[in-house]
Ligand SMILES: C[S@@+](CC[C@H](N)C(=O)[O-])C[C@H]1O[C@@H](n2cnc3c(N)ncnc32)[C@H](O)[C@@H]1O
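In the numbering used here, the protein residues as written are 26 to 226.
Structure below.
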């Protein structure tokens with residue numbers, strides 16, 4: 026059974042507003058800003074806030090999402106910011122490219138639990154050796170809180186699950202923390218998240 030199928034996301038993104046805002050995720054920006062610009066893959070990129078920011082900082086950006094409404098919003102945002110991004114519409118397991126990336130940015134990539142580990146294993150194949158993954162998503166402790174995230178506890182993350190689902194990475198940062206989210210109407214308020222920066226061994 027699909028949790029949060031593409032129809033759910035198409036409907037969410039059909040509204041005029043950018044539901045997670047137009048500014049990049051704060052942790053993604055902080056970490057990306059410390060790196061020399063190269064190429065970055067942004068899976069499940071939704072309305073394009075991180076893709077557009079990265080492109081504005083001279084990164085070559087490939088993004089994808091299962092939602093075609095997400096792509097439409099992202100293309101709208103990239104046009105207003107006058108930057109160019111390569112954005113494809115496909116499910117994570119169908120994503121293919123010959124490109125290898127310096128960075129993969131995973132922001133709130135709450136894939137269905139049945140495919141989650143397989144999805145992350147699939148994506149890591151597109152990372153260069155010594156490439157970096159920047160990750161932020163809701164922790165299990167977020168379950169039931171009104172500040173955002175899946176209503177299905179299995180789709181939230183624990184540190185143990187991160188270690189299990191990203192065995193190729195050595196973590197420079199891996200922490201669970203309480204933060205204040207102010208990302209559009211759907212990520213707003215005090216939230217429990219997991220953040221990591223990992224390097225492909
Ligand atoms: C919470 S949103 C995060 C969007 C974006 N990363 C951000 O931080 O603004 C989760 C995204 O995952 C996408 N998604 C869910 N399942 C997917 C799948 N199987 N393949 C690709 N994208 C998927 C949804 O369409 C949605 O845009």
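Ideal Cβ placement from N, Cα and C applies to all residues, glycine included.
Just so it is clear, the structure is predicted and the values come from calculations on it, not from any experiment.
- Contact between residue 42 and residue 209 is confirmed by a C-beta separation of about 7 Å, below the 8 Å threshold.
- Here residue 150 is exposed: its Cβ has fewer than 16 other Cβ atoms, across all protein chains shown, within 10 Å.
- For residue 189, the enclosing alpha helix (DSSP H) begins and ends at 184-190.
- Burial state of residue 103 is buried, judged by a 10 Å Cβ sphere holding 16 or more other Cβ atoms.
- A straight line joining the alpha-carbon of residue 148 with that of residue 54 spans about 20 Å.
- Here residue 68 is buried, its C-beta having at least 16 other C-beta atoms within 10 Å.
- The stretch 164-174 and the stretch 115-123 do not touch, with fewer than three beta-carbon pairs separated by less than 8 Å.
- Cβ-Cβ distances below 6 Å link residue 197 to 222 in the same chain, with the five nearest sequence neighbours on each side left out; the list follows chain order.
- Following the DSSP letters along the chain, one finds residue 134 in no beta strand (DSSP E), marked with neither H nor E.
- With a cut-off of 8 Å on Cβ pairs, the stretch 33-52 is in contact with the stretch 70-80, counting three or more such pairs.
- Pairing residue 182 with residue 108, the inter-Cα distance amounts to about 33 Å.
- In the assembly as shown, residue 96 is a buried residue. Its beta-carbon has 16 or more other beta-carbons within 10 Å.
- Looking at the DSSP output, residue 164 shares a beta bridge with 182.
- Set against 8 Å, the gap from the CB of residue 84 to the closest heavy atom of ligand 1 is not smaller.
- Residue 35 and residue 155 have their C-alpha atoms roughly 35 Å apart.
- Rounded to whole angstroms, the separation of the alpha carbons of residue 139 and residue 81 is 35 Å.
- Taking every protein chain shown into account, the CB of residue 32 has fewer than 16 other CB atoms within 10 angstroms, so this residue is exposed.
- Residue state for residue 196 is assigned as strand, using DSSP reduced to three classes.
- Ligand 1 has no heavy atom closer than 8 Å to the beta-carbon of residue 223.
- In the three-state reduction of the DSSP assignment, residue 90 falls in the strand class.
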